[in-house]
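Under my numbering, the residues of the sequence shown are numbered 139 to 366, in order.
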Amino acid sequence: MPFGEIKEVIYPTLICDENFVILVDCGFMGSLPLLEKALSKHGLTLLDLTGLVLTHHDHDHMGTAAEIKRVNQRVKIYASKEETPYISASTKPLRLQQAEDFQKTLPLEKQAFGKAFCEMLKRVEPVEVDEFLYDGQYLDWYGGCKVIATPGHTPGHISLLVENEAIIITGDAFVLDNGVPVIANPQFTLDIEKATKSMCKLLSMNVKTYYCYHGGIYLRSHDFNAID
Ligand SMILES: [Zn+2]
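What follows is the structure in structure tokens.
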């Protein structure tokens, strides 16, 4: 349950091999039971996780991270250096700052909703990042994964290329809207120009399959020309 009564399907991704069980993004606050249920379908529990990659600091991506770490302290938490201050809340999360600024502009009838949203963001539990990931970094997971910097949605947003399968785990670098790749919530994108470049970068790579956190699997059937 993301916020209020709206239900939203999200797609955290699991990268598994004989040595690693890596979760990429972990869901909204309070969604740990759903995550456990999804893991159990693969014969796994939270205790089997070896790593958690946070593509960025938004609450729907890191909402259960601190809880996961409490259950399994062996889980190594990975994020980019740029996102880390917001994930650990050593600096006020940009998304919270944005929501508070936005709140001031809301008409009276939307004030209560805006306030509740800010309060929800304040309840996101920070977590320490164990290891920074950087653009182009090679990770020895599932035969090789590569970190791709995809700034824009947030400054330190990252995506992951799973080389063996030629799959990109996009995070919120782009999302699917009725099956079509689009910028995630353009009105709340922190740098729309960078976000557009990041989306084009991913879609111009020699990959046919994209796992989108919002929208699920996107199979590219033709060359994408986002500039048109
Ligand atoms: Zn998201």
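We treat Cβ as the ideally placed atom computed from N, Cα and C, and that holds for glycine.
CA-to-CA distance, F158 to Y216, given in whole angstroms:
14 Å
I need the DSSP call for G354, collapsed to helix, strand or coil.
Looking at G354 - three-state DSSP - the assignment turns out to be strand.
Exercise answer, beta-carbon shell around ligand 1 heavy atoms below 7 Å:
Qualifying residues, in the order they occur: D196, D198, H199, D310, A322, Y351, H352.
Return the first residue and the last residue of the beta strand (DSSP E) that C283 is part of.
283-287
Beta carbon of K230, beta carbon of P289: below 8 Å?
no
Mind checking who E269 pairs with in its DSSP beta bridge?
Its beta-bridge partners are Y216.
Considering only the beta carbon of each residue, do T193 and V162 sit closer than 8 Å?
yes
Have a look at S359, E174, G317, D278 and flag the residue whose alpha-carbon is nearest the alpha-carbon of T202.
E174
Of all the options G281, S228, V191, which has the alpha carbon lying nearest to the alpha carbon of I296?
When each option's Cα is compared against that of I296, the closest is V191.
Which residues in the same chain as D374 place their Cβ atom closer than 8 Å to its Cβ, once the five residues preceding and following it in sequence are excluded?
Outside the displayed span of the chain (139 to 366) sits residue 374, for which this structure offers no information.
Here's the rule I'm using: 16 or more other beta-carbon atoms within 10 Å means buried, otherwise exposed. How should K207 be labelled?
By the 16-neighbour rule on beta-carbons within 10 angstroms, K207 is buried.
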